[in-house]
Each structure stands twice: as structure tokens, then as C-alpha cells.
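Each residue of the sequence shown is one higher than the one before, counting from 186 in our numbering.
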Amino acid sequence: MKIQTGKAIKVRLFAGGCLLLILSLGFNALLTYGSLEKLYVESVVSSYQVVGKDLERKLEQSLRFGKNIQKFIGMNPLLQETRNRLASRANARAASASSTGNRPRREQDWITVSVALPDATILYSADENLVGTKVPSKAWLPYGGKDSGVGAPTPMNYVKYQHAYLITLPVFDRDKTWAATIVMGFSEEQAEILLRHLTQANLVMISIIMACSLLFLAMMLHLLISESAASDIRKFPKIKIYVLLFVIVGSAQVLFSGLNTNDYRNYFLRITREKVDTLVGFLKQDIEYLFSKGIQLDRLVKMDVLMGEIIAASPELHDLTVNDHQGRPLYQATKQGVMDFQKTRGEDPQSGPEPVLVADSAYHLRTELTRNGLTEGTISGTISQEVVSAKTRAVILDSTTVMAISLLFLVEILILVFPFIERHILGDDHAAVRYQTMRPAAFLFLFGVDICISFLPLYMERLYEPLFGLSKDIVIGIPISVRMFFTGVSILTAGLWCDRRGWHEPFLSGLVLTGLGFIYAWLAPNALQFIASQALFGMGYGFSLMASQGFIISCTDETNRARGLAQLWAGVYAGSICGGAAGAMLAERIGYGPIFLIGALILFMIVPYTLVFMRGAIKKPEGTAVERETRAFTVGQFLHFAFDRDILSLILFSSIPTAIALVGFLNYFSPIYLNRIGTTQSDIGRVLMVYGICLIYLAPMISKYIDAWPSRKPFIVISGLFGGFAVFAFSFIDGLPGMVLSVFLLGISSSFGLASQSAYVLRLKVARELGRGRALGIYSSANRIGQVLGPLIFGGLIVGIGTGRGIMYLGIGYLTLTLLFLMVAQNDATKAG
């Protein structure tokens, strides 16, 4: 077969590679931006908290000496001084981020420092217009009494309100009673300065990476595609080109993620140095103020205690030391404790520790203490390398997740783009629509659907209100159950719809309904309406999920149908992994609500994709006499199928228990449990990724053995044993490691069970008598019963008998039902035929 010239082929492949680079690096950049945005905002907040803590210390010190917060003389100068310090830091940050060299805008007008009473009324403020107003309820945190320990690390108490960020710090009196709250506000523009700088740097970085990648691609295409390969399709290096594109684009993404991680690490170290420098500066001011009162450096009472409070409240500081002019330590504070060396020297003034010599490095700061221009001593501080390393590891973990999602995204885009490139190379622009065309649509569909999977019960917990006299744990599981119930109802309807009208109508209708359900969830003001939104979502989800299988069936025959369905489910699980992880990471940055809107937009994007790229497959089916006869079945036939010994055993002892474990444990229990033990939203998403990875990489390998084995029953039993042990094991191995282990075992269970259960049904004579399509539809709907019951059963047992015992009993029950299936169900190999 003659194809296009080598030059034309190279041009098309080069254009395709350029498109892949733009899409994949753009997707990576968007995820990276979302991942780093909160980190950069927190860095600004953290640097301001250092200044705010100094004000907090001064106010609490005054209250301990008897001052009244409501009649605090000298408050306004303190607030103005704090405001000036914040403005100075903001201007310095703007100057360092500016790439134009222009004078930065004054930030002082955008900064407010106020003190509010416990009823949220602002009593003092650097901005007189705020005096007498109320702190927005969104930003207001009620505080109880102060803990007995001093110097607890300052939490990130900040919220975004309108176009500003508000930071709150409590002030306690000498009785450790909450007396007031410091409220610092700054414009979001200050964080956006850093983010704009990040965006500009990323654009430059992407441009350089793309230029190098495209140059390398052009060179490799020139070497790989010769005139002989261009003239004969049999010699065309299709696999090599595919691998080349994947390696080049994948390497570009790895390089981009690595450079971003390194940039943030350097920025974090710089901002940490600034914080430590500020803390050392405050201590220097306090000590030099005491010098002005005639107090000697080696006679500072309780200086070690003050330094200890600073260390305890500042996790970035590893140690803080005050040395005399000879370099000998006088006072020292570390994470392990404090030391006043004056109490250990004895009578000999020359005794005591030797001078501390610390090599100058990025982790060490040193400033001089002066009196009348003469050096009296020094203050040295060391940044905790453990804290910097921990933050770096967290960023690397986020970047690795982003990179994994981007690579999966790349694979799906390659699957979409490469057939079109190949079609143009062959010179056939009117080729029939291939079954592979559905895989990118399925990927995007599940990406949008599962973008909220890691926090759905957590969002319901926020909206919680008593309903129908049910306990809270059961109520927050209702949205998942409602979603699954309406999905099961719509699956039955979608099958008949596909048979009569074609796959496209239920597919497109489902996309619209699912998207509208997400928008409704985003706007839902209360729990009841949120539950209603999940009903709408479930209807659309069932329509599109079944219709996508209808598309595969219409575009394949008996020789490639299994491969078509395998491609579909690979796209589904890849989308589920990427959507769950991306949604978890974005929710941690922008909150839960906007994620529903993002999911809706992704779902709506599939509609034009379907109309443009799958137009050739949009047609009504041509029914055969056999199909028309199969459609007309009686209630008796339905009951005969449903109450068949093997079908009933499969549903009751395998399918429903599996669904209860998957939805109840994986989708309902695991996010709530991990959240309550302090796991970050990003880590919750990564834990859920383990399940999907098993289905993408293990299930296809296992399915080969399932097809080759004469019976499917042993694999169903193996699936049940893995699933039951996954739940049972968590009652003994809990925490994050236990959850990861259980999710992994559930992934193995599903890798055995998903293919073998459906294959078992289709091999039974009773299924052929009813019609395989209807048999699978009824079986799938019965499976939804377990999905509906899963959250309710888990919630009920946790409330009734506690988490540990409840999980253990569920695991034992799952294993027992699996053994019942082994004993009751017959071997499908003996009943096939």
C-alpha cells in the first residue's frame, strides 16, 4: 500500500508531537499550579504570623502585668508598628518577585492589623474605619482557655474572605482566659505576586523544554523514517514512533516537575531564613532594650525561658543561642529543652562550654548584639533541616502524583491522537470510527465523575443536618447510597434505550444529566438538596456508563469485542485514578465546592468531542428478529433467571458482599477514617489510587488466565477471599499503613472478580435462554443493591458496635459468604454448553 511521502509524514508526526507536548505540559502546569498555590499562600501567611506572634507576646505580657484589654493605653502605636513591619516584608517580597525592576506598589494600604473582643467586635485597628465592625463569621474562630504548655506551634489559622486573606491569633490574659484575637488582613494580590512570578517562570521553563524536546523529536524522526519506510506501510516503524513520542513527552514532564520542586525547595528555604531572621531580630530588640536599662548580657533573668517559648512556637527553628563577645554560649534553647549556662559555670567565670563554632551555611544565621556601638555578644539560630526536608518530601510526593497523573493523561492523549495521525499518513480521511475512540471519552468521563470521590462523605458531613431520625454516620453515607440506587435504576433503562435508539442518545443525555447533577451539588444549600443532586447525578452516570459499552458493541465484532471492552475499562480506571487524585489535591487548595463545578465542565467537554470525533458511529441499530424476540420476555422468565441456584448464589454470596465492601469500605469509610486520623486530602487521594492502579495493571494480566481456565468459579472464590481478608485485616492493622494494605488487597480482589463474575453469568445456560444482554443488565442492577447498602451497613455497624469490632464482623461475614458460594454454586464449566 502506498502512503504519503516521507517529508509529509515527518511534518504530520512533528505537528502531532508538538500538540502532545502542549497538552501534556499544559495539563502538568495546571496541576502543578494548583498543587503549589496553597504552599505559596501558606508561606506568606507563615511569614506574617511571625510578626503577629510578636504582637501577641507583647499584649499577653501586658495583660499578665494587669492591663485591661478594653482600656489598653498605647495599643494604636503597637498596631501601627506591626502594620509597618508587615508592609516592609510585603514590599521586599514584591521587589524580589519583580522581574521588571520597577518599583513595587506600596502594600501598606492593603494590610490591616486589628484587635477584636471574643464577641468578634473590633476594638482597635490600624484602619480606623474597621473599629466597631464585626470580624466576618467565616474568619472567626472561638478559642477556649490556653493550654498549660507554652509556646505551642502556631496553626495556619487563616481564611480567604472576598479578595483578602485574614489571619487570626488568640490573646490570653494572666488567667489563661481568651481575652481578644489579633486579626491581620492582607490583599490576595500579595500571594498573586508570587504566583504570577511562578507562572512567568513556568512559561519560560516550558518554552525551553518544548524547544529542546521538539529539536530532539525532529532529529529522531529524520533518523527513524526513511524513504523505504515511507513508501511501504509494512516497514513503517509505528511502535518506535509511539515509544519515541511517549519517551520525549514523558521526559519533558519529569524534567518540568523536578525543576518546579527544586524551585519551591529553594523558595521555602529562603522564606524560612527570613522568618528565622525576623525572630532573631525581635530577640535582638528585646535584649538591646534591656542593655539601655543597664542590664548586663550575662544577667538576663529567664532569657532561656523566653527563647524556649520562641523555639516551641517556631518549628522551623532547630536551636537558638545567645553568646558573649568571646563566642561562649550564655543561653540556649533547643527542641529538647533550655539552658542558662550562668547557673552551671560555678564561681570560675572562665569555666563552662567552649565557644560554639558553626560553619556558615544556608541553615545558619548570626547577628550581633551591640551596646553604644560596641559588640556585646551574638545571637545565632539554626534552621531545622528536618523541617525543610519534610516539606521538600511533601512537595516531591505532590509532584510525583502530578507527574503520574500527567503521564496517564499523556497515554490517553496518545491513544486519541496517534490513530488520527496514522489515518492521515495512510491518506484515508474517511476511515470508520474505531472502538479506541471511546477510551479517551471514558477517561474524561470518569475523571470528571470521580473528581469528588475522595471527599464526598466529608462534604456531606459539612452540610449535615438531622434527617429522618437517623444517626449522623448513616446520614453522611446517604448521598453515596442514593447515587448508587439511581445508577442501578438507569442502567436497566439504558440497556433498552440502546437497543431501540442507539448508544448515542443515552450517552449524551447521561453526560448532560451528570453535569447538571454536579452543578446542583455545587449550589446545594443544605443536605437534602445535596442528596437530590446525587440522584440526578446517578441517573446520568448510569445512562452514560451503559451507553459507552453499547458503543463498543456497535463498533466491534466477535473477533475484537473483548479487546474493545478492555480498552474501555482501562480508560475508565485511568480516569478514576487521575480524577480522584486531582480532585483531592485541588480540594485541599480551593475547597470542596468548586470541585463539583470543575467536574461538570469536564463532563460537558465530552459532548462536543462525541459529536466531532464519534459522529460516524451515531446511528440507530438495525434490530434482528432474534433481538426483537429477546426483548420480549415474561415475568416468569425473569423470575426463573433471578432465582436460578447459581445466579442467586452469585448475587447473594459474591456480588452483593463485594459491592458492600468496595463502596462501604473504599468510598465511604476510608475517606472519613483517614481524615479523622489527620491524613491530608492529597494522601487520601493517593491511597485511593492504589485500588485503581491494581485494576489497570493487574486485572489485564489476570484476565488472560481467567479466559484460559475452564471454569470461572475458582477465581470468584479467590476474589472473595482477598476481599474478606482486606476488610478483616484492617481490624488488626489500622492507621494509614493498614488502610493502604486493605485498599491494595481490595484491588487484587477486584482484579480477580470483575472479569470472572460477568464471565460466570454469561456461560450459564439460564443466561443464554434469557438473553445475554438482559442477563448482564439484571445482574448489574442486582450488584447495585450492595453498593446502595454499603455505606448504610458500615455506618450502622460503626455506630452500633464501634469501628474495630464492626470492621472485624464485616470481614468475617464476607469470608463466610464466600465459602457458602463455594459450597452452593455449581461449576460453570459443567453447565456451559
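Cβ coordinates follow ideal geometry from the N, Cα and C atoms, glycine included.
Every value quoted in this text rests on a predicted model; they were computed, and no experiment measured them.
- Here Gln621 is not near Ile598, since their CB atoms are 7 Å or more apart.
- Approximately 44 Å separates the beta-carbon atoms of Arg381 and Phe476; this is outside 8 Å, ruling out the contact.
- Classified as buried, Tyr309 has 16 or more neighbouring CB atoms from the shown chains inside 10 Å of its CB.
- Taking a cut-off of 8 Å for Cβ pairs, the stretch 655-662 and the stretch 785-796 do not touch, as fewer than three such pairs fall below it.
- Sixteen is the threshold: since fewer than 16 other Cβ atoms of the shown chains lie within 10 Å of the Cβ of Ile393, the residue is exposed.
- Look at Arg990 here: in three-state DSSP terms it is helix.
- Only residues of its own chain outside the window of five on either side were considered, and among them Leu402, Ala403 and Leu406 have a CB closer than 7 Å to the CB of Phe199, listed in chain order.
- The Cβ atoms of Ala785 and Ile704 lie closer than 7 Å to each other.
- The beta carbon of Phe453 sits closer than 6 Å to those of Lys576, all from its chain and outside the five residues before and after it, given in chain order.
- The three-state reading of DSSP puts Phe722 in helix, counting H, G and I together.
- In the DSSP assignment, Asn508 is bridged to Pro514 and Thr563.
- Residue environment analysis places Arg668 among the buried positions, since at least 16 neighbouring C-beta atoms fall within 10 angstroms of its C-beta.
- Lys238 and Phe722 have their C-alpha atoms some 47 Å from each other.
- As the crow flies, the alpha-carbon of Ile207 is around 24 Å from that of Tyr758.
- Looking at the DSSP output, Trp363 bridges to Phe357.
- Annotation for Ser299: the continuous beta strand (DSSP E) segment containing it runs Ile296 to Ala301.
- For the pair Asn387 and Ala214, the Cα-to-Cα distance works out to about 7 Å.
- Boundaries around Ile307 are those of the beta strand (DSSP E), Ile307 to Ser310, since no alpha helix (DSSP H) includes it.
- A Cβ-Cβ separation of about 16 Å leaves Val229 out of contact with Arg268 under the 8 Å criterion.
- The C-beta distance from Arg948 to Arg871 rounds to 38 Å, too long to meet the 8 Å contact threshold.
- The beta carbons of Pro899 and Tyr999 sit no closer together than 7 Å.
- Excluding five sequence positions before and after Leu244, the CB atoms of its chain that fall closer than 6 Å to its own CB belong to Val356, given in chain order.
- Proximity to Gly479 across Arg450, Asp525, Glu561 and Asn451 peaks at Glu561, based on C-alpha coordinates.
- Spanning the alpha carbons of Leu693 and Ser729 requires a straight line of approximately 7 Å.
- Within the DSSP bridge table, the entry for Val344 names Leu351 as partners.
- By alpha-carbon distance to Ser888, the top candidate from Arg242, Tyr994, Ser574 and Ala944 is Ala944.
- The stretch 758-770 makes contact with the stretch 874-888, as at least three CB pairs between them are under 8 Å.
- Between Leu550 and Asp462, the CB-CB gap stays under 7 Å.
- Per DSSP, Val320 lies in no beta strand (DSSP E) and is assigned neither H nor E.
- Within the model, the alpha-carbon separation for Gly435 versus Leu595 is close to 8 Å.
- Looking at the DSSP output, Ser372 bridges to Ala349.
- The criterion of a C-beta distance shorter than 7 Å is not satisfied by Leu701 and Ile845.
- Counting along the chain, Asp525 sits inside the beta strand (DSSP E) bounded by residues Gly522 to Asp525.
- Distance from the CA atom of Thr988 to the CA atom of Trp754, rounded to whole angstroms, is 33 Å.
- Within the DSSP bridge table, the entry for His549 names Thr567 as partners.
- A residue is called buried when at least 16 other Cβ atoms come within 10 angstroms of its Cβ; His503 meets this threshold and is buried.
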